[in-house]
Amino acid sequence: MNRKLTRSAFALALVFGFSGCDLQVDNPNQPDKARALASADDVETLIASSYVKVWEIGHYWTNANFAFNHMSSRHTATWGNNGMNDLGREPREPLPNSPSYRWAYVFEGHWGDAYGGLSGASDGISAIDAGLEIGPGGERNGRARAFAQASQAILSCLLALWYDQSFIVDETTDLASLLETVDYNAMASYAMGKLNEAESTARGATFTLEDSWINGNSWSNTELADYLVSWKARCAANLPRTDAEASGANWSQIISDSQNGIRDVVVVGEDRSSDTPWVDDLKRAGTQNGTWHRMHMDWVGMADQSGEYQDWLAQPTEQRLPRKMTFGDDKRFPVGYEDQTLTDPVSPSVAGYGPRARYNNSVIFRPERGTYRQSHYGDARYDEYLLSSWTATFGDMEHMSAKEFDAYIIEGRYRMGDYAGAAEMINVYRGEAGLPPAPSNPTDPVPSNAAGECTPKKRYDVQGRCGNLQDAVWFEHFEQVFNLFGGLEYWHGRRNDILPAGTALHLPIPAADLEVLQRDIYTFGGPAGGGAGNPIPPSIVPGSLDSALERVTYALERLEVQRRAERALEDLVVR
């Protein structure tokens with residue numbers, strides 16, 4: 334077999350010692366590692382830097398973040414970069430898990446970052462266990478151990494969220510033995526145990542974090558512990574691969590953790606010219622309306638009141654073109670079709686509800702890659718980052734938000750049958766956006782205004798029916814977690830069965846690492862299997878005869894409009 338040893342595979346092999354492989358590889362860095370782990374300050378630096386990998390997984394672009402945001406049908410783009418063109422095509426295709434794939438970092442980025450961070454944190458704990466004292470008399474050992482355990486726990490959680498299987502690695506791992514992978518459920522169970530352990534360690538010590546460890550946050554030990562509680566909620570809520578799995582999650586615990594953890598985390602961005610790790614590519618590049626980002630029609634169409642989204646859905650996929658829409662009462666969307674540019678910087682944390690979306694007259698994506706992926710609309714809430722400097726890295730960068738944790742509470746209440754409680758919370762956001770309250774009866778549609786307009790409409794619904802409480806929950810969740818942390822939108826669509834059919838439900842182990850480990854290369858999505866089911870809502874839903882007749886009337890009206898348009902086109906033919 335021809336084996337390629339890539340950077341990520343090499344990093345993994347260093348952790349595992351190439352267990353189970355015949356390859357004999359000398360590690361020239363081993364003496365430097367031994368010297369580093371003999372220095373207390375260097376060990377502390379190693380532990381602190383392990384958390385940077387959490388930041389990279391959640392906020393960088395050299396990984397799966399952009400492509401999988403696109404796969405959620407919340408974003409759209411057709412550029413080759415980040416695998417967006419390949420992974421965003423419909424019908425879905427198998428993920429191109431190959432060591433020769435040009436954008437192989439889509440598969441390797443999160444994997445290599447996670448195991449790089451786990452290796453550093455585990456080595457740091459091993460040094461402390463061997464008797465190393467950090468600070469006089471080891472006074473900083475408790476802080477170092479708690480922070481290392483925190484990185485181990487979060488990175489293990491992220492492996493469970495992103496990959497179908499992975500290796501459990503910590504300071505107790507026997508590198509001389511043959512390591513086996515565990516599935517995502519087992520990895521998540523391990524991660525939750527580590528989160529509990531790290532929280533306990535933090536609460537049992539007294540310390541203050543260095544300001545640079547989670548940049549701009551000189552947290553106390555209690556605040557670090559509360560941060561880990563928030564990660565319990567994020568990890569457990571986003572783990573399920575399907576709605577059926579999500580129904581079995583412990584939503585009571587998720588609600589409790591969402592209420593009791595830190596609910597807003599902001600990290601301070603720095604000048605990128607200093608080679609700082611504290612930059613946020615999701616907010617810097619992933620919101621650029623002129624390049625990397627537009628709103629997918631399947632997302633913005635849920636707010637459309639013109640009927641254009643339904644007409645768009647009625648066309649064969651390859652014949653769909655971007656549409657101009659109207660949005661009724663929802664203040665978050667633009668009025669009219671005036672081409673808009675960067676606005677004054679307004680932090681999404683304090684902006685309240687004004688226009689968060691903009692209309693763009695130009696359609697920038699290449700038509701031969703699918704006009705169905707083109708859109709006039711884009712998000713504008715992170716313009717402050719694009720305006721901060723040419724490198725767009727200064728200022729506060731959201732990492733966690735109270736809106737995210739409210740969304741978990743709302744979803745948990747809905748899934749547990751507390752529809753009134755879910756409606757009460759969702760209606761706070763709807764009211765601020767200018768929308769009427771959603772009903773607490775889960776089968777009732779959201780109210781229409783005097784013009785017959787309602788938000789949201791059902792996703793993927795060619796009939797243009799008004800959504801119900803569940804649709805409102807889905808809609809607001811997508812709206813509140815936009816580009817907050819890589820994967821949130823995709824994971825939301827995954828566990829609610831609203832990803833496009835055939836969308837891969839997780840990443841496979843990177844092909845380069847499978848070759849090193851002498852395992853067969855595999856993948857997911859499209860004809861390869863392991864993808865999402867059909868998300869299109871049924872054409873008939875329970876309801877009154879009157880509402881059914883209204884839907885029929887609406888559908889007939891749309892058909893008549895389409896027929897008139899077709900006849901008008903015939904009159905334009907030059908014979």
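Here my numbering = 1-based position in the sequence shown + 333. Glycine included, each C-beta is placed from N, C-alpha and C at the ideal position. It should be emphasised that the depicted structure is a prediction, and the values quoted were computed from it without experimental measurement.
query                                                                                                         : result
Whole-angstrom C-beta distance between Phe540 and Asn554, which should lie under 8 Å                          : 5 Å
Supposed contact pair Tyr747 and Val806 - C-beta distance, whole angstroms, cut 8 Å                           : 5 Å
Which listed residue (Ile869, Ser533 and Ile380) has its alpha carbon closest to that of Leu561               : Ser533
Beta bridge counterpart(s) of Met730 as assigned by DSSP                                                      : Val600
Three or more C-beta pairs below 8 Å linking the stretch 625-639 and the stretch 648-666                      : yes
Exposed unless 16 or more other CB atoms sit within 10 angstroms - verdict on Ala524                          : buried
Under 8 Å between C-beta atoms of Ile588 and Ile831                                                           : no
Simplified DSSP assignment, three categories, for Met404                                                      : helix
DSSP-derived helix/strand/coil call for Arg763                                                                : helix
Collapsed DSSP secondary structure at Glu737 in the structure displayed                                       : helix
Burial state of Tyr642, where buried means 16 or more other Cβ atoms lie within 10 Å                          : buried
Nearest neighbour of Pro778, chosen from Glu765, Gly764, Phe660 and Asp804 [CA to CA]                         : Asp804
From Leu428, Asp374, Arg792 and Asp663, residue whose alpha carbon lies closest to that of Asn760             : Asp663
Segments assigned alpha helix (DSSP H), at least 4 residues, entirely inside the stretch 409-475              : 417-421 and 438-462
Cutoff 6 Å; reference Gly457; Cβ partners in own chain excluding five residues on either side                 : Val376, Leu379, Ile380 and Ala481
Ala784 versus Gly661, Arg827, Gln813 and Tyr823, residue with shortest Cα-Cα distance                         : Gly661
At least 3 beta-carbon pairs within less than 8 Å: the stretch 446-462 vs the stretch 409-420                 : no
C-beta atoms of Ile854 and Ala861 nearer than 8 Å                                                             : no
Pair within 8 Å by beta-carbon distance, Arg702 and Arg665                                                    : no
Outcome for Asp608 when other beta-carbon atoms lying within 10 angstroms are tallied against a minimum of 16 : exposed
Inter-stretch contact at 8 Å, needing at least 3 Cβ pairs: the stretch 794-802 / the stretch 694-701          : no
Phe909 to Met733 span [Cα, whole Å]                                                                           : Only positions 334 to 908 of the chain appear in the structure, and residue 909 is not among them; the question remains open.
C-beta atoms of Leu838 and Arg827 nearer than 8 Å                                                             : yes
Segment contact flag, the stretch 493-506 with the stretch 469-476, C-beta cutoff 8 Å, min 3 pairs            : no
Contacting residues, own chain, Cβ-Cβ under 6 Å from Ala740 (five flanking each side not counted)             : His810 and Gln813
Where Gly619 sits in the DSSP three-state scheme                                                              : coil
Coil, strand or helix - Tyr925 by DSSP                                                                        : The displayed coordinates of the chain run from 334 to 908. Any statement about residue 925 would go beyond what the structure contains.
Close Cβ partners of Val795 (< 7 Å) along its chain, the five nearest in sequence each way excluded           : Gln643, Leu646 and Ala647
Three-state secondary structure (DSSP) of Thr704                                                              : helix
With 16 other Cβ atoms within 10 Å as the buried cut-off, status of Arg425                                    : buried
Closest residue to Asn529 among Asn583, Gln485 and His825 (Cα-Cα distance)                                    : Gln485
Same chain, Cβ closer than 6 Å to His825, neighbours up to 5 away in sequence not counted                     : His810
Check whether Ser865 and Arg627 have beta carbons under 8 Å apart                                             : One point to set straight first is that residue 865 is Ala, not Ser, in the sequence displayed. Not in contact: Ala865 and Arg627 (Cβ atoms no closer than 8 Å).
Proximity of Ala558 and Ala535 at Cβ, strictly below 8 Å                                                      : yes
Residues near Ile390 by beta carbon distance below 6 Å, same chain, minus five either side                    : His443, Asp446 and Leu491
Sequence-distant residues of its chain with Cβ nearer than 8 Å to Ser522 (five each side left out)            : none
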